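Q: Sequence order for the protein chains is A and B. Taking the numbering used here, the leading residue of the first sequence gets 673, the next gets one more, and so forth. Taking the numbering used here, the leading residue of the second sequence gets 2, the next gets one more, and so forth. Every residue, glycine too, gets a C-beta built ideally from N, C-alpha and C. Quick caveat: nothing in here was measured; it's all calculated off a predicted structure. Dropping a structure here in structure tokens format, bear with me for questions.
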Amino acid sequence: MKHFLQFLVLSVVFSACLDDAECINLVNNTAGITFKNMDGTAHTIAFTSVQADGASEKFQVATTASKVLVPLDITRDTTRLKFVTTAATYDVVLAYITKSQFVSEDCGYRYVLSDLHVVSHPFDSLQIVSPNPGNSSTVRNIDFFIR
Amino acid sequence: MKRAALFFIFLVRAVSMMGQTADPDTTTVRPDTIKNRFLPTGIRVGTDLISLIKSQRQDNFSGWEVNADVDFNRYMLALDYGNWARSFGADDSLLYKNDGTYWRAGVDVNFLTRDPERNVFFIGFRYGRSTYNETMSIIREDSVWGPYAREDFNNNLNARWYELTTGVKVKIWKIIWLGYTARMKFGLKNDQGATMLTHDVPGYGRTDKETYWGFNYQLMLRIPIREAGPIQGPKKKKKAPAASATGPS
């Protein structure tokens, strides 16, 4: 009887620890794009708007900045961006790998993006700082250099 | 591969270290002879009751596991084989399923060396492997990108991990035994799918955890192979030295 009680208590204790409904909050579909002069200093641009094909809204309106944050299209593996400025309009195509992952019954699923790279751009040069998009305002992925 | 090689080297050394030197102070006749040193004393086979109960009580889980161990006196070779399948999703907007088989192999060391019934309290090590499939289908409307549908598959992916185990096996009646095993699983390495990351590995659990705890409650039958008493005889009190014939002057 003593052994049975030990088994019962321990089985209840251990089985209570097995399932953990902790949610993972990681949808990393934000890319940070920075504009720089050829000497590496920040290049400020007067944006009218930043748009993407397939998006229902503009990401950024009427601002002057050297860095923009753009959401990447999770329904496909490329995003075509249009940077509309007071001087010109720049078209940039970004490509990446999108993988889905089930998280939990409570949290649902998430997308994990990786291998971010530039397919086409009109600038003088570029540098990939990080191929993994993020989910915060401090993310920095691509530097475009302008003469 | 390197870790698997180290594990098997450990396994061979553990089996080769089964002989014990005789205590010169005892006069107990050891039941095992050199001839029977590598002959197992018995084989236990059983099943995990928790998997069976969960399969009946939870709609999103189905699984079973069989366990076996070969009793080489103080050391036991253990082998587990199982199958489990999970599914989540109440409607078409999100459906996730996985299923697969797994096995574990390892060695346990029995620390109840003086129990006449050969009950077991063990600490052990396991190497586990799994082969599994996953599918997930999503139908959603994103606030920025609009409506979309996606279906991803992972087919015949493999994973491996290690476990530290501890537990008890107790003789209940004749050849019927009950036991439990607590497992600390770690060192998971799994194949990466082309379009979907693995959520759950059968036999291990969720992949987002570096260590994962598991617990089994086992019902077993022990098939004796040869007669064997306790691993070590009862503790012998050392004889007090004989009193000196001459007293103090």
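Output needed in chain order: residues of the segment 780-811 of chain A with a Cβ under 7 Å from some Cβ in chain B.
A: For the segment 780-811 of chain A, which is checked against every Cβ of chain B, the residues closer than 7 Å are G780, Y781, V784.
Q: Suppose you measure from the CA of A/I638 to the CA of A/T770; what does that come to, to the nearest Å?
A: The requested residue 638 of chain A is not part of the displayed model; chain A covers only 673 to 819.
Q: Could you tell me which chain A residues have their CB closer than 8 Å to the CB of B/D49, listed as they occur along the chain?
A: Per Cβ cutoff of 8 Å: no residues; B/D49 is ~11 Å from chain A at best.
Q: Measuring alpha carbon to alpha carbon, tell me which residue in B/S52, B/D93, B/I124, B/I140 is nearest B/G83.
A: For the residues B/S52, B/D93, B/I124, B/I140, the minimum Cα distance to B/G83 belongs to B/S52.
Q: Which of helix, strand or coil does DSSP assign to B/I173?
A: The answer is strand: DSSP assigns B/I173 an E or B state.
Q: Identify, in the order they occur along the chain, each residue of the same chain with its Cβ nearer than 7 Å to the Cβ of B/N134, setting aside the five sequence neighbours on each side.
A: Cβ neighbours of B/N134 beyond the five flanking positions: N99, D100, G101, N155, N156, N157.
Q: Over the uninterrupted alpha helix (DSSP H) stretch that includes B/I54, give me the two end residues.
A: Start and end: 50-58.
Q: Please state whether DSSP places A/V853 in a helix, a strand or coil.
A: With chain A covering 673 to 819 only, the question about residue 853 of chain A has no answer from this structure.
Q: Between B/G90 and the rest of its own chain, which residues show a CB-CB distance below 7 Å, the 5 nearest in sequence each way excluded?
A: L96, Y97, listed in sequence order.
Q: Under 7 Å between C-beta atoms, does B/Y149 make it to chain A?
A: So, interface residue.
Q: Let me confirm a value: B/N159 is counted as buried when at least 16 other C-beta atoms fall within 10 Å, else exposed. Which label applies?
A: So B/N159 counts as exposed.
Q: Hey, does A/A693 have any beta-carbon neighbour from chain B nearer than 7 Å?
A: Below a pLDDT of 50, predicted positions are generally treated as unreliable, and A/A693, at 46, falls in that range; no measurement from the model is reported.
Q: Rounded to a whole number of angstroms, what is the C-alpha to C-alpha distance between A/V822 and B/F126?
A: The first residue shown for chain A is 673 and the last is 819, placing residue 822 of chain A beyond what the model contains.
Q: Taking only the alpha-carbon atoms, compute the straight-line gap between A/N804 and B/G147 and give it to the nearest angstrom.
A: Rounded to the nearest angstrom, the two C-alpha atoms are 23 Å apart.
Q: Does DSSP put A/V811 in a helix, in a strand, or in coil?
A: Reduced to three states, the DSSP call for A/V811 is coil.
Q: Leaving out five residues before and five after A/S772 in sequence, what residues of the same chain have Cβ atoms less than 7 Å from its Cβ?
A: The residues are Y781, Y783.
Q: For the pair the segment 736-744 of chain A and the segment 116-125 of chain B, tell me if three or more CB-CB distances fall below 8 Å.
A: Contact between the segment 736-744 of chain A and the segment 116-125 of chain B is absent, because fewer than three Cβ pairs lie under 8 Å.
Q: Could you tell me how far apart the beta carbons of B/D81 and B/R45 are, in whole angstroms, since I believe they sit closer than 8 Å?
A: In fact, because the Cβ distance is near 12 Å, the residues do not count as touching under 8 Å.
Q: List, from N- to C-terminal side, the beta strand (DSSP E) runs of 3 residues or more that fit wholly inside the segment 733-766 of chain A.
A: The qualifying runs are 739-743, 750-757.
Q: Contact defined as beta carbons within less than 8 Å: I believe B/G204 pairs with B/G129. What is the distance between those atoms, to the nearest angstrom?
A: Sure, about 6 Å apart at Cβ, within 8 Å.
Q: Taking one C-beta from the segment 797-815 of chain A and one from the segment 697-709 of chain A each time, how about it: are there three or more such pairs within less than 8 Å?
A: Verdict: yes, contact present.
Q: Do A/A727 and B/V145 have their C-beta atoms closer together than 7 Å?
A: Yes, Cβ-Cβ distance for A/A727 and B/V145 is below 7 Å.
Q: Name the residues in the segment 759-781 of chain A whose C-beta lies less than 9 Å from a C-beta of chain B; which are they?
A: Of all residues in the segment 759-781 of chain A, I769, T770, K771, S772, Q773, F774, V775, S776, E777, G780, Y781 have a Cβ within less than 9 Å of some Cβ in chain B.
Q: Hey, is B/V121's beta-carbon within less than 7 Å of any beta-carbon in chain A?
A: Output row for B/V121: interface = no.
Q: Given B/L220, which residues of its chain have a CB within under 8 Å of its CB, disregarding the five upstream and five downstream residues?
A: Only G47, T48, L50, I177, W178, L179 meet the Cβ criterion.
Q: Give me the Cα-Cα distance between B/I173 and B/Y218, rounded to the nearest whole angstrom.
A: So the two alpha carbons sit approximately 14 Å from each other.
Q: Could you tell me whether any Cβ in chain B is nearer than 7 Å to the Cβ of A/D745?
A: True, the Cβ-Cβ gap to chain B drops below 7 Å.
Q: Which residues mark the beginning and the end of the beta strand (DSSP E) in which B/K98 is found?
A: That run of the beta strand (DSSP E) goes 95-111.
Q: Compare the Cα-Cα distances from B/D93 to each of B/T166, B/I54, B/M137 and report the closest residue.
A: For the residues B/T166, B/I54, B/M137, the minimum Cα distance to B/D93 belongs to B/M137.
Q: Below 7 Å between beta carbons: does that hold for B/G188 and B/Y163?
A: Their beta carbons are under 7 Å apart, which means B/G188 touches B/Y163 by this criterion.
Q: Out of B/K186, B/W65, B/I224, which one is the CA nearest neighbour of B/R87?
A: Ranking B/K186, B/W65, B/I224 by Cα distance to B/R87 puts B/W65 first.
Q: Return helix, strand or coil for B/D24, following the three-state DSSP convention.
A: Unreliable positioning characterises B/D24 in this predicted model, as indicated by a pLDDT of 48, which lies under 50. The coordinate reading is nonetheless provided below. Correct three-state label for B/D24: coil.
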